[in-house]
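Engineer: Would you mind keeping the following structure in view while I ask a few things?
Below, the structure is given as structure tokens:
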């Protein structure tokens, strides 16, 4: 085993992005001699290169720390070597829609005895309040789940980063400095990456027209799905690859069951929940808490009511603070540094034992 080797693996994206980018950079700041290797492909259905097919078993066997940020079917067949760490830094903050073994018995849930997730030595979550939820989801003891934070959330504690991202994104999308930008960013429908379909649509052109001057409306469907062309006057927010920066640019977030609410809540800006299929979604997917526990803004069932809800949406500071304590209690701007320190300390301790 190479004690300084850290392996990042994903079948959901190409390259170091999001949590993996923040954590990699923090690890290199912590130890410039760390050997950081990434093996990625853009989706579960993408073909793996021959080079990666040949080198993956060797890299998995020789890495002291292996980092995942999503479902990764290949790794669940491996027994992790003594002294090594298989760490899941899940791509979503909080605990909203159920995942993994929490969905046993639901459509698309794991079969009885499924081995998925169970070999993690460590899992990282955004709050002590959701440790038990992720222990259930991954089928591991709660002591393996750590409330160390979420790497990419660090940017939401840097005022200059927020200001710069807001200005650059709005300039690229053609949104004026004085205009209020409304972002519709729902999660997908379906059981996972392979079965994903778009969330319910609305007459965005009509909603934008009803909002009137001083407002701009953008739509960004989940990356798992491909949506059709948008009407004139509606911003194609999918053109922006960095969801962090897009959230920083928005004045009002319209979403449904997306974990983006947890990061957006750090900005303390209004959220509107557009959930015309709430009953069906809850029956098929289910949540870790009653839906009302997540509703930190108005809940809209009909698209006819959306424009009015957007225009009048406000932040309930008391409810927001309770929400942040429950789901984001470990997000403090130092998550990347903390996780890097914990993982590299484990590596060093094992090497000197």
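Residue numbers (our numbering): 149 to 501. Just so you know, even glycine gets a beta-carbon here, dropped at the ideal spot from N, CA and C. In this text the structure is predicted, and so the values were computed from the model without any measurement.
1. Ignore the nearest five residues each way along the sequence and tell me which others in residue 235's own chain have a CB closer than 8 Å to its CB.
2. Could you name each continuous beta strand (DSSP E) segment of 3 residues or more that falls completely within the region 413-459, going from the start of the chain to the end?
3. Between the Cα of residue 454 and those of 180, 193, 351 and 195, spot the shortest distance and give me the residue it belongs to.
4. Tell whether a beta-carbon distance below 9 Å holds between residue 301 and residue 274.
5. Identify whether residue 296 lies in helix, strand or coil by the three-state DSSP scheme.
6. By the three-class DSSP mapping on this structure, what secondary structure does residue 228 have?
7. If you count every other CB in all the chains shown that lies within 10 Å of the CB of residue 311, and 16 or more means buried, which is it?
8. Where does residue 249 fall in DSSP's three states?
9. Residue 443 and residue 417: beta carbons closer than 9 Å?
10. Can you look up residue 237 in the DSSP assignment and give me helix, strand or coil?
11. With which residues is residue 156 paired in a DSSP beta bridge?
12. Here's a check: name, in chain order, each residue in its chain whose Cβ is nearer than 7 Å to the Cβ of residue 176, leaving out the five neighbours to either side.
13. Among 161, 208, 167 and 206, which one has its Cα closest to the Cα of residue 192?
14. In whole angstroms, give me the CA-to-CA distance for residue 224 and residue 305.
15. Going by CA-CA distance only, name the one from 284, 426 and 388 that's closest to residue 406.
Structural biologist: Working from what's here:
1. Sequence index remark: in the chain shown, residue 235 carries index 87 (1-based). Result list for residue 235: 213, 214, 215, 216, 268, 269, 270, 271, 272 and 491, in chain order.
2. The region 413-459 contains these whole beta strand (DSSP E) runs: 419-422.
3. Residue 454 sits at position 306 when you count from the first residue of the chain shown. If we check each option's Cα against that of residue 454, 351 comes out closest.
4. The sequence position of residue 301 within the chain shown is 153, counting from 1. The sequence position of residue 274 within the chain shown is 126, counting from 1. Yes, the pair counts as a contact, with Cβ atoms nearer than the cut-off.
5. Translated into positions along the chain shown, residue 296 becomes position 148. DSSP places residue 296 in the coil class of the three-state scheme, outside both helix and strand.
6. Mapped onto the chain shown, residue 228 falls at position 80. Coil.
7. Position 163 of the chain shown, counted from the first residue, corresponds to residue 311. It is exposed - the Cβ of residue 311 has fewer than 16 other Cβ atoms within 10 Å.
8. For the purposes of this step, residue 249 is taken as residue 101 along the chain shown, with counting starting at 1. Helix, per DSSP.
9. Mapped onto the chain shown, residue 443 falls at position 295. Mapped onto the chain shown, residue 417 falls at position 269. Contact annotation: residue 443 and residue 417 have beta-carbon atoms that are not nearer than 9 Å.
10. To locate residue 237, count along the chain shown from 1; it is residue 89. Residue 237 falls in the coil class under three-state DSSP.
11. What you label residue 156 is simply residue 8 of the chain shown in a count that begins at 1. DSSP lists 186 and 215 as partners of residue 156.
12. Here residue 176 refers to the residue found at position 28 when the chain shown is read from its first residue. Cβ within range, chain order: 182 and 184.
13. What you label residue 192 is simply residue 44 of the chain shown in a count that begins at 1. Nearest C-alpha to residue 192 among 161, 208, 167 and 206: 161.
14. Taking the first residue of the chain shown as 1, we reach residue 224 at position 76. Taking the first residue of the chain shown as 1, we reach residue 305 at position 157. So the two alpha carbons sit approximately 35 Å from each other.
15. On the chain shown, position 258 is the one that residue 406 refers to. The alpha carbon of residue 406 has as its nearest neighbour, out of 284, 426 and 388, the alpha carbon of 426.
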